[in-house]
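Numbering (UniProt numbering), first residue to last: 1 to 88. Idealized CB from N, CA, C, for every residue including glycine. All remarks here apply to the structure that follows.
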Amino acid sequence: MSKRNKPEDAWLLDAQVQYRIIENKSRWEVSLVFIDSKDPKHLLIQKIGDYHSKRLAEIYARNIQNTAAKDSRGKQKINKDDYHINNN
Numbered sequence: 001m002s003k004r005n006k007p008e009d010a011w012l013l014d015a016q017v018q019y020r021i022i023e024n025k026s027r028w029e030v031s032l033v034f035i036d037s038k039d040p041k042h043l044l045i046q047k048i049g050d051y052h053s054k055r056l057a058e059i060y061a062r063n064i065q066n067t068a069a070k071d072s073r074g075k076q077k078i079n080k081d082d083y084h085i086n087n088n
């Protein structure tokens with residue numbers, strides 16, 4: 001069985017997908033945040049790239065988010081107040 005087909009990762013198929021952009025050493029890092037729709041405290045953060053401008057990072061982040069999201073129309077499945085991401 002491959003890593004992607006593990007039963008414990010099945011929640012990713014229905015996960016809410018958000019993106020996070022942070023500045024680090026004059027670069028803009030883009031990460032995807034997969035949030036379990038049944039348990040918003042269960043999440044996975046995956047760094048996907050870094051860019052020299054915030055604008056490029058935003059364009060790339062939105063494109064990847066729409067590709068990764070099951071519901072690409074952008075409908076929120078969970079309340080943003082249900083989870084908190086600490087950058088520390």
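TODO: Determine the direct distance from the alpha carbon of L56 to that of L43, and round the result to whole angstroms.
DONE: For the purposes of this step, residue 43 is taken as the residue at position 43 of the sequence shown. For the purposes of this step, residue 56 is taken as the residue at position 56 of the sequence shown. Between L43 and L56, the C-alpha separation is close to 25 Å.
Task: Sequence-distant residues of the same chain with beta carbon closer than 8 Å to I64, five excluded per side - done: Indexing the sequence shown from 1 puts residue 64 at position 64. Beyond the five residues adjoining it in sequence on each side, I64 comes within less than 8 Å, by CB distance, of Y19, V30, L32 and I48 in the same chain, given in chain order.
Task: Span of the beta strand (DSSP E) around E23 - done: Reading the sequence shown from its first residue, position 23 is the one you call residue 23. Per DSSP, E23 belongs to the beta strand (DSSP E) from Q16 to N24.
Open item on the list: Using the Cβ count rule (16 or more neighbours within 10 Å means buried), how would you classify R73?
Closed with: Locating residue 73 in the sequence shown gives position 73, counting from the first residue. At R73, the pLDDT of 48 sits below 50, so the modelled position is not reliable; the number obtained from the coordinates is stated separately. It counts as exposed.
- [ ] Assign Q46 to buried or exposed, taking buried as 16 or more other Cβ atoms, counted over all protein chains shown, within 10 Å of its Cβ.
- [x] Here residue 46 corresponds to residue number 46 of the sequence shown, with the count starting at 1. Burial check for Q46: the Cβ neighbour count within 10 Å stays below 16, so the residue is exposed.
TODO: Kindly indicate the opening and closing residues of the beta strand (DSSP E) around L12.
DONE: As a first step, residue 12 is located in the sequence shown; it is residue number 12 there, counting from the start. Unbroken run through L12: none, as it is neither H nor E.
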